[in-house]
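Letter 287 of the sequence shown, counting from 1, is numbered 288 in the working numbering, and no numbers are missing. Think of the CB as a built atom: it goes at the ideal place given N, C-alpha and C, for glycine as much as any other residue. Presented below is the structure to which this report refers.
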Amino acid sequence: MKTVYDGKEHCCGCTACENSCPTGAISMSPDWEGFLYPVIDPFRCIDCGVCRNVCPFEHADRVKYGPFQKSFLAQHREENVLMQSTSGGAFTALSDCILTQGGVIYGADFDGEWHVVHRRAQTDAQRDRMRISKYAQSDLRGVFQQVEQDLSVGRMVLFTGTPCQCAGLRSFMEGKDTSRLYLCDIICYGIPSPMIWQSFCRMIEQERGGQVSQVQFRSKAYDWSRENSNKVFLMATTEDPVLRLDDRYYQLFFKVRSVIRPSCGSCPFTDRSRPGDLTIADYWGVEKYLPQYNDPRGMSLILVNSSKGEQLLEWAQDAMFYLLRPASECMAEQARLREPVQLPANRREFWEYFDAHGLAAALEKFAGHQA
Ligand code: SF4
Numbered sequence: 002m003k004t005v006y007d008g009k010e011h012c013c014g015c016t017a018c019e020n021s022c023p024t025g026a027i028s029m030s031p032d033w034e035g036f037l038y039p040v041i042d043p044f045r046c047i048d049c050g051v052c053r054n055v056c057p058f059e060h061a062d063r064v065k066y067g068p069f070q071k072s073f074l075a076q077h078r079e080e081n082v083l084m085q086s087t088s089g090g091a092f093t094a095l096s097d098c099i100l101t102q103g104g105v106i107y108g109a110d111f112d113g114e115w116h117v118v119h120r121r122a123q124t125d126a127q128r129d130r131m132r133i134s135k136y137a138q139s140d141l142r143g144v145f146q147q148v149e150q151d152l153s154v155g156r157m158v159l160f161t162g163t164p165c166q167c168a169g170l171r172s173f174m175e176g177k178d179t180s181r182l183y184l185c186d187i188i189c190y191g192i193p194s195p196m197i198w199q200s201f202c203r204m205i206e207q208e209r210g211g212q213v214s215q216v217q218f219r220s221k222a223y224d225w226s227r228e229n230s231n232k233v234f235l236m237a238t239t240e241d242p243v244l245r246l247d248d249r250y251y252q253l254f255f256k257v258r259s260v261i262r263p264s265c266g267s268c269p270f271t272d273r274s275r276p277g278d279l280t281i282a283d284y285w286g287v288e289k290y291l292p293q294y295n296d297p298r299g300m301s302l303i304l305v306n307s308s309k310g311e312q313l314l315e316w317a318q319d320a321m322f323y324l325l326r327p328a329s330e331c332m333a334e335q336a337r338l339r340e341p342v343q344l345p346a347n348r349r350e351f352w353e354y355f356d357a358h359g360l361a362a363a364l365e366k367f368a369g370h371q372a
């Protein structure tokens, strides 16, 4: 059977191949872990090689800038923006610059059934839904061609996503006019399976009744610190509408780690050379380097990787306070600027157990949670 990739550890599911195939021979299809992979229709494939050539995972150096040029500690000036953002509100400040110039924003949102999908925003309200980090791989199907369409009619575009998603878009756009395209990647710690996220929602619904009605990953009502903020996942259902803390999804992501996509273990975008014009993340370690700025409302790290990124940051300077910092701080604190996440040796055992017994039982066996 023809494939675009040699082994799942070589495919990040970015959709660059699907969008580039001249005969439409490629469709993205979920595997037994719920991750999307390209599948080739052999009757439509003409063996042109475009799909393999456009793959950003195999040609990572072609879709990265050199090592980042500057790193900043940053924070949005408005309290309400800070409290509704995962870090220091950098995404809101940067996206405001594009929206006020008539541009569009692409980022991760939830659909009506809590699937994580990439969406297009033209208003503040649509953009605000993209603010909070989403801990499952987003569905990008159809998005790159929408971005191309926006650029072709002269719109400015800010695309935010994981480094592999930004790299995929860069690769898809190679040779086309990207002067109005701004890419902002995040420092990504590995991307969990959409199937596990959906199974988690069904488990919560079974336990609490009704349908999931609210999700807050990393709520600042409780904490913003590396030690605790990732544990602060809250959910509510229609039968039990109180947002309740639940650290089991955190356990799956940060401790069990088998739920992370295989390619994350060999990700070529885990160094200081970035695919985005800017990179954003939490400013971990602020309490060590600048204790006077250790604000529980959150602080952002912004890496400037290109002249376009520098320009975007300049536009945002009225909305944000920022401070130039030595690269050594983020290099010491952000492991994903140094190396890929390590996937557990018993990853397959987890999936076989989950497949046979369901998520509650897998949580009990692999994370020590009583079902
Ligand atoms: Fe499409 Fe060409 Fe890849 Fe075949 S080789 S799937 S025609 S891009």
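Around the Cβ of residue i, are there at least 16 other Cβ atoms within 10 angstroms (buried) or fewer (exposed)?
{"i": "residue 2", "result": "exposed"}
{"i": "residue 191", "result": "buried"}
{"i": "residue 329", "result": "exposed"}
{"i": "residue 210", "result": "exposed"}
{"i": "residue 278", "result": "buried"}
{"i": "residue 205", "result": "buried"}
{"i": "residue 94", "result": "buried"}
{"i": "residue 180", "result": "exposed"}
{"i": "residue 188", "result": "buried"}
{"i": "residue 43", "result": "exposed"}
{"i": "residue 33", "result": "exposed"}
{"i": "residue 101", "result": "exposed"}
{"i": "residue 358", "result": "exposed"}
{"i": "residue 138", "result": "buried"}
{"i": "residue 308", "result": "exposed"}
{"i": "residue 97", "result": "buried"}
{"i": "residue 177", "result": "exposed"}
{"i": "residue 49", "result": "exposed"}
{"i": "residue 105", "result": "buried"}
{"i": "residue 30", "result": "exposed"}
{"i": "residue 140", "result": "buried"}
{"i": "residue 312", "result": "exposed"}
{"i": "residue 81", "result": "exposed"}
{"i": "residue 343", "result": "exposed"}
Tell me where the alpha helix (DSSP H) around residue i begins and ends.
{"i": "residue 107", "result": "Unbroken run through residue 107 is the beta strand (DSSP E), 105 to 111; no alpha helix (DSSP H)."}
{"i": "residue 93", "result": "91 to 100"}
{"i": "residue 18", "result": "17 to 21"}
{"i": "residue 58", "result": "Element bounds for residue 58: n/a, residue is neither H nor E."}
{"i": "residue 128", "result": "125 to 129"}
{"i": "residue 185", "result": "No alpha helix (DSSP H) holds residue 185; the beta strand (DSSP E) holding it covers 182 to 187."}
{"i": "residue 152", "result": "144 to 153"}
{"i": "residue 380", "result": "Residue 380 is absent from the model: the chain starts at 2 and stops at 372."}
{"i": "residue 310", "result": "308 to 316"}
{"i": "residue 84", "result": "80 to 84"}
Grouping DSSP H, G and I as helix and E and B as strand, with all else coil, what is residue i?
{"i": "residue 52", "result": "helix"}
{"i": "residue 170", "result": "helix"}
{"i": "residue 11", "result": "helix"}
{"i": "residue 358", "result": "helix"}
{"i": "residue 342", "result": "coil"}
{"i": "residue 205", "result": "helix"}
{"i": "residue 44", "result": "coil"}
{"i": "residue 178", "result": "coil"}
{"i": "residue 68", "result": "strand"}
{"i": "residue 141", "result": "coil"}
{"i": "residue 321", "result": "strand"}
{"i": "residue 193", "result": "strand"}
{"i": "residue 3", "result": "coil"}
{"i": "residue 34", "result": "coil"}
{"i": "residue 200", "result": "helix"}
{"i": "residue 365", "result": "helix"}
{"i": "residue 353", "result": "helix"}
{"i": "residue 348", "result": "helix"}
{"i": "residue 63", "result": "helix"}
In terms of residue numbering, what span does the beta strand (DSSP E) encompassing residue i cover?
{"i": "residue 162", "result": "158 to 162"}
{"i": "residue 120", "result": "117 to 122"}
{"i": "residue 305", "result": "301 to 305"}
{"i": "residue 76", "result": "71 to 77"}
{"i": "residue 40", "result": "37 to 41"}
{"i": "residue 30", "result": "27 to 31"}
Does any C-beta atom of chain D lie closer than 8 Å to the C-beta of residue i?
{"i": "residue 76", "result": "The chain inventory of the structure shown lacks chain D, comprising one protein chain alone."}
Checklist entry - Which parts of the stretch 207 to 295 are runs of the alpha helix (DSSP H), unbroken and 4 residues or longer, counting only runs that do not cross its ends? => result 287 to 290
Item to check | Cβ contact check for the stretch 236 to 255 and the stretch 208 to 223: 3 or more pairs under 8 Å | outcome: yes
Checklist entry - Does the stretch 158 to 168 touch the stretch 269 to 278, meaning 3 or more C-beta pairs lie closer than 8 Å? => result yes
Item to check | Inter-stretch contact at 8 Å, needing at least 3 Cβ pairs: the stretch 123 to 139 / the stretch 350 to 370 | outcome: no
Next on the checklist: Check whether the stretch 78 to 93 and the stretch 333 to 353 touch, using three or more Cβ-Cβ pairs below 8 Å as the test.
Outcome noted: no
Next on the checklist: Check whether the stretch 55 to 73 and the stretch 295 to 305 touch, using three or more Cβ-Cβ pairs below 8 Å as the test.
Outcome noted: yes
Checklist entry - Any contact of the stretch 49 to 61 with the stretch 10 to 17, i.e. 3+ C-beta pairs under 8 Å? => result yes
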